[in-house]
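Numbering (full-length UniProt numbering), first residue to last: 1 to 614.
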């Protein structure tokens, strides 16, 4: 008989022999000389691997020093934060919900400086408009015309509020625009804060925008608007340009003639409101920043809904008013306007029954909109201090919005949070309970000297700063000292919390964390976390994915003697010796004496020989 075995049913029994690698003692299985040769070979390979790793770390550190020599850490962190703000603004614009009035109002209330160019397309015969955004230059996101035409008129909407009821021809006629090209021999002196320019050129409006920003610097420019138009007479392209500076400029040489390859007209009009509305009504225009008139002062209110710009009738003037002007390339012909439409008759008694229902529906919609706006405002206020609290509010109050566009809200709140931090830093509004050294007049001399030396030599480095490790008993002021240094701090006590990490904190403090338990408590690798790495490092937390964090800050580690572990133990193996050498080179370790402190303990007795802490 042939016996067949089913290999799938063969039971697998764990071997009683230990499968771990074992180095046998000499003279047991192999000869003593052979054992020693194998042991030495393995030890050399291990040391070689450790040396290579350390050399790579040294190379990285050397590169850090070479690239960041003489750079101020504050400037580096501020620059990186500004770059993240810029990236967030681009993300917000790209992901912005379409046709959502409440989110648009949210952006307007934030006065969000987005890194994008806004392209506006309008129709003179309709109040409707569409916006196509291209991420190239910085602008403030506004709808044209504004959807919120109640209450006080914002600066950016003043041109439309004043001239929105007129078409382009009427604006040019009424405000006496000079849209002709000037004589080539005429060289004007350019002196002022606002310029209305027109140029017959085929150069793109984006190139002209870039030239203006390069010529004057964006920090000196309040607003730019450039519209592109094709003439109906000769089908030639020309650009209409508005520039408003923050301060008066004085130029003897025309600054756009070279880029446009034409002789520009720099004196179309002095009326910056009318010129802005004229450009926007032509459509196909881009903006930088927010319009702010140099001449208009005081506040202005939107008219009632019955007389808003979109619903008001055009001005009726005599036919002679519309004759063509020789100074304008825009053909303005005589037009007989129709008489105003008759006013609607008074509603009949039967119509009045419909009013309450319509009013109630409209009121409910407005109430819902106002409720959402109130939630947005509250969320933005929360985001200034804590992004998670803002997201929790949106999740709790508007779960549908949270599910639909949670990523967009997260970008908005991170943007708000970083902007709030930057503004607080600029104002110097970082509260500290203690300030070194003024709050520690009783600090013992040797401890004070060691700390001051670390602050002087390491705290202001932009890379490879040694971490300060202070080992001492409780209630001696270690934490108070660590929190008293200038600027923002990442503070972690006993455990890691990824949500509490701030990439742009000035330094980090790790308090009451056993030296050998960093990895057990989910902290990133100590060598990356405590040695001021230039590049971002990976970090994670419980139930969280891995993300990159910026660990460029110098670090302070505080611990009791019982938690020092291997940091103070006598090394036995070569690996332990290498690790100890590593931290000797990359840390300033200070072990406090029995009678040392930053401030005196509250309960302290004095003997005839010395002070002993209770």
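We put the CB at the ideal spot given by N, CA and C, even for glycine. Source: prediction; values computed, not measured.
CA nearest to the CA of residue i, picked from the options
i	options	result
residue 487	452, 573 and 426	426
residue 467	456, 385, 477 and 274	456
residue 493	476, 513, 508 and 395	513
residue 501	148, 215, 386 and 239	386
residue 155	436, 180 and 223	223
residue 304	148, 97, 396 and 383	148
residue 458	553, 211 and 195	553
residue 389	373, 409 and 81	409
residue 619	395, 365 and 479	Past the boundaries of the shown model lies residue 619; the chain is included only from 1 to 614, so the question cannot be answered.
residue 384	83, 416 and 211	416
residue 289	202, 278 and 218	218
residue 193	293, 445, 78 and 150	293
residue 210	196, 189 and 260	260
residue 277	299, 150, 146 and 257	146
residue 160	518, 279 and 399	279
Start-to-end residues for the beta strand (DSSP E) that takes in residue i
i	result
residue 287	285-289
residue 464	Here residue 464 belongs to no beta strand (DSSP E), and DSSP marks it neither H nor E.
residue 560	Counting along the chain, residue 560 falls outside any beta strand (DSSP E), and DSSP gives it neither H nor E.
residue 548	547-549
residue 247	237-251
Helix, strand or coil at residue i according to DSSP, with G and I counted as helix
i	result
residue 74	helix
residue 541	coil
residue 400	helix
residue 388	helix
residue 227	strand
residue 106	helix
residue 511	strand
residue 193	strand
residue 431	coil
residue 555	strand
residue 150	coil
residue 187	coil
residue 490	strand
residue 222	strand
residue 163	helix
residue 198	strand
residue 265	strand
residue 468	strand
residue 599	coil
residue 90	helix
Other residues of its chain near residue i: CB distance less than 6 angstroms, five sequence neighbours each side excluded
i	result
residue 162	273
residue 491	509
residue 589	469
residue 546	538 and 540
residue 529	551
residue 187	none
residue 521	495 and 496
Cβ-based burial, residue i [other Cβ within 10 Å; buried from 16]
i	result
residue 557	buried
residue 158	buried
residue 376	buried
residue 524	buried
residue 460	exposed
residue 153	buried
residue 572	exposed
residue 336	With a pLDDT of only 44 at residue 336, under the threshold of 50, the placement of this residue in the model should not be trusted, and no figure is reported.
residue 597	buried
residue 471	buried
residue 166	buried
residue 254	buried
residue 34	exposed
Neighbourhood of residue i by C-beta distance below 7 angstroms, restricted to the same chain and skipping five residues each side
i	result
residue 412	92
residue 439	484
residue 516	565 and 566
residue 181	200, 263 and 265
residue 600	442
Extent of the continuous alpha helix (DSSP H) to which residue i belongs
i	result
residue 580	574-586
residue 257	257-260
residue 695	For the chain, the structure presents residues 1 to 614; residue 695 sits outside this window and is missing.
residue 209	205-216
residue 451	445-454
residue 277	272-281
residue 169	168-174
residue 529	526-529
Cβ neighbours of residue i in the same chain (closer than 8 angstroms, five flanking residues each side left out)
i	result
residue 610	Here residue 610 scores only 42 on pLDDT, less than 50, and its place in the model should not be relied on; the value that follows carries that caveat. Excluding positions up to five away in sequence, the list reads 595.
residue 393	375, 378, 379 and 382
residue 229	237, 238, 239, 240, 282 and 284
residue 548	536, 537, 538 and 539
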